[in-house]
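Only one structure is covered here, and it is reproduced in the block below.
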Amino acid sequence: MTYSTPLEGEHHKKKVCYFYDPDVKGFHYGPGHAMKPMRIAMCHSLVLGYKLYQKMEIFRAKPATKREMTQFHSDAYVEFLNRVTPSTVNSFMKEQYMYNVGDDCPVFDGLFDYCAISSGGSMEGAARLSRNKCDIAINWAGGLHHAKKSEANGFCYINDIVLGILELLRYHQRVLYIDIDVHHGDGVEEAFYTTDRVMTVSFHKFGEFFPGTGEVRDTGFGKGKNYSLNFPLRDGITDESYKSVFEPVINEVMACYSPDAIVLQCGADSLSGDKLGSLNLSMRGHANCVKFVRSFNKPLLILGGGGYTIRNVSRTWAYETGIAAGVELQPEIPTPIDYYEYFGPDYQLDVKPSNADDMNTPGYLDSIKRIVLTNLRNLGGPPSVQLTDIPRHPVDIQMDDPNRDEDMLPLDERPRRIPIDPSFNSRRQN
Numbered sequence: 002m003t004y005s006t007p008l009e010g011e012h013h014k015k016k017v018c019y020f021y022d023p024d025v026k027g028f029h030y031g032p033g034h035a036m037k038p039m040r041i042a043m044c045h046s047l048v049l050g051y052k053l054y055q056k057m058e059i060f061r062a063k064p065a066t067k068r069e070m071t072q073f074h075s076d077a078y079v080e081f082l083n084r085v086t087p088s089t090v091n092s093f094m095k096e097q098y099m100y101n102v103g104d105d106c107p108v109f110d111g112l113f114d115y116c117a118i119s120s121g122g123s124m125e126g127a128a129r130l131s132r133n134k135c136d137i138a139i140n141w142a143g144g145l146h147h148a149k150k151s152e153a154n155g156f157c158y159i160n161d162i163v164l165g166i167l168e169l170l171r172y173h174q175r176v177l178y179i180d181i182d183v184h185h186g187d188g189v190e191e192a193f194y195t196t197d198r199v200m201t202v203s204f205h206k207f208g209e210f211f212p213g214t215g216e217v218r219d220t221g222f223g224k225g226k227n228y229s230l231n232f233p234l235r236d237g238i239t240d241e242s243y244k245s246v247f248e249p250v251i252n253e254v255m256a257c258y259s260p261d262a263i264v265l266q267c268g269a270d271s272l273s274g275d276k277l278g279s280l281n282l283s284m285r286g287h288a289n290c291v292k293f294v295r296s297f298n299k300p301l302l303i304l305g306g307g308g309y310t311i312r313n314v315s316r317t318w319a320y321e322t323g324i325a326a327g328v329e330l331q332p333e334i335p336t337p338i339d340y341y342e343y344f345g346p347d348y349q350l351d352v353k354p355s356n357a358d359d360m361n362t363p364g365y366l367d368s369i370k371r372i373v374l375t376n377l378r379n380l381g382g383p384p385s386v387q388l389t390d391i392p393r394h395p396v397d398i399q400m401d402d403p404n405r406d407e408d409m410l411p412l413d414e415r416p417r418r419i420p421i422d423p424s425f426n427s428r429r430q431n
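Read in order, the letters of the sequence shown are residues 2 to 431 in our numbering.
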């Protein structure tokens, strides 16, 4: 049986590293909670069923350590996440309030392990990209873009994206972050709001909608002015309308900013029919963003994010895994696979749009696009940064030899790296 066909115009095969930890399916936010980590396992079952393991390398990343998490998050916050459990939660009432842990971000069994798995995949994916071990790295358990330095938010506790970008910045002068989740990528924007080393571009629903940030006029501050771009959308945007703004904006970003690496957050709550979303993208419309960003041939870290109609999330991420690996998956879902019954009654790899009205008029989209493109053209060319030697980082140490002492590495084995701006570890002051 033919499970896939090569992408049209695919001339150069890309090396893809895909990260999956089977433990992820065992985590539960709690009864009735919208976030269901099982969707990652459902996606993986499709990846295996379509035999995508023949097209890429599959890894189980080393979970992130407390020390690695504190490259961005505060020590006290990480220690709280490490210590709190459902049985001890009542003794942490003050901390729960302080760190916004509660209803949307509950304490559940294995919370810290869940955060470590999500973050470890994004950090190791970034490290492998930086070491030229792959062209594309995928971590569907990542993409948790709402977490702040000392605050859980929007179902997110540890911001694996920020940690992955910090790893990329050790080798790359400029990193581009693109977010296609229905919700604004507020945690990532906030982390890099005052620097030109990272450009953040978020396409999201705006207007009385969580998290309430991401206006078109929010463009960064100080050195980071015009390096945060926001494209606020209205309900019901279609594939055609989305493409009409996504591609020209990203084209201009690539021309004006010239990033050395790209991180793409593929939140699937922008799909039609999502339980918490209000956009109207089909699976192929969503995947077109992956295909388009992939076409620039830059080191690319692909991450998950939101997505709450889990049969559609898993379908779309599996399809996008195929796109990353250079193939188009066939519509008929192969059998036998785990979770097969979730994909009935049609058992097709597809998410179709609804007949919802598109509230994004051409005039509205053109006006926002004009503002965003004007901000981009005010950059005056890509910024530069001086390369210097700095010590090797634990993420790439463990990739080579987990028992090797980082302090004993000869100087000539230490790759040339770029110093991290201390402001990345400071929370944006509003």
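Ideal placement from N, C-alpha and C gives every residue a C-beta, glycine not left out.
Item: Contact check, V202 vs V246 under 8 Å by CB: the rounded distance?; Value: Rounded, the Cβ-Cβ distance is 11 Å, inconsistent with contact.
Item: Using 8 Å as the threshold, is the segment 148 to 158 in touch with the segment 105 to 116, meaning 3 or more CB pairs across them?; Value: yes
Item: Please state the DSSP three-state secondary structure of M432.; Value: In the structure as shown, the chain starts at 2 and stops at 431, and residue 432 therefore has no counterpart that could be examined.
Item: If you draw a straight line from the alpha carbon of R295 to that of N361, how long is it in whole angstroms?; Value: 26 Å
Item: Would Q349 and P332 qualify as a contact pair, given that the criterion is a beta-carbon distance under 8 Å?; Value: yes
Item: From the DSSP secondary-structure annotation, give me the bridge partner or partners of Q349.; Value: E333
Item: Does the Cβ-Cβ distance between I181 and Q266 come in under 8 Å?; Value: yes
Item: Name, in chain order, the residues that DSSP records as bridge partners for G204.; Value: The question names Gly, but residue 204 is Phe in the sequence shown. The partner list for F204 (beta bridge, DSSP) reads F232.
Item: Which class does L170 belong to by DSSP, given the choice of helix, strand or coil?; Value: helix
Item: Go ahead and pull the three-state DSSP assignment for I262.; Value: Strictly speaking, residue 262 in this sequence is Ala, with Ile absent from that position. A262: strand per DSSP, three-state reduction.
Item: Pick out whichever of L53, V183, D110, I162 has its Cα sitting closest to the Cα of A128.; Value: I162
Item: Report back the beta-carbon spacing between F232 and G122 to the nearest angstrom; my notes put them in contact at under 8 Å.; Value: That belief does not hold up - the Cβ atoms of F232 and G122 are roughly 27 Å apart, past 8 Å.
Item: So is D358 buried or exposed if we call it buried at 16+ other beta carbons inside 10 Å?; Value: exposed
Item: Quick check: the segment 309 to 322 against the segment 38 to 46, are there 3 or more CB pairs under 8 Å?; Value: yes
Item: Considering only residues of the same chain and omitting the five flanking positions on each side of D136, which have a CB-CB separation below 6 Å?; Value: K15, K16
Item: Please classify R171 as buried or exposed, where buried requires at least 16 neighbouring CB atoms within 10 angstroms.; Value: buried
Item: Would you give the residue range spanned by the beta strand (DSSP E) that F20 belongs to?; Value: 17 to 20
Item: Taking a contact to mean a Cβ-Cβ separation below 8 Å, would you say T195 touches K149 in this structure?; Value: no
Item: State yes or no: is the C-beta of D76 within less than 8 Å of the C-beta of R175?; Value: no
Item: Given M2, which residues of its chain have a CB within under 8 Å of its CB, disregarding the five upstream and five downstream residues?; Value: P335
Item: Would V373 and V217 be called neighbours here (beta carbons separated by less than 8 Å)?; Value: yes
Item: Closest to T89 by CA distance: which of L112, S5, S315, E58 is it?; Value: L112
Item: Along the chain, where does the beta strand (DSSP E) that runs through L112 open and close?; Value: That residue, L112, is in no beta strand (DSSP E); its alpha helix (DSSP H) goes 112 to 131.
Item: T66: which of P23, Y178, I159 sits nearest, CA to CA?; Value: I159
Item: Name the residue from S120, G274, E329, V328 whose alpha carbon lies nearest to the alpha carbon of R312.; Value: G274
Item: Please classify A269: does DSSP put it in a helix, a strand, or coil?; Value: helix
Item: Have a look at P363 and T71 and give me their C-alpha separation to the nearest angstrom.; Value: 44 Å
Item: Only counting the same chain, and skipping five residues up and downstream in sequence, which positions put a Cβ closer than 8 Å to that of D219?; Value: E190, S229, N231
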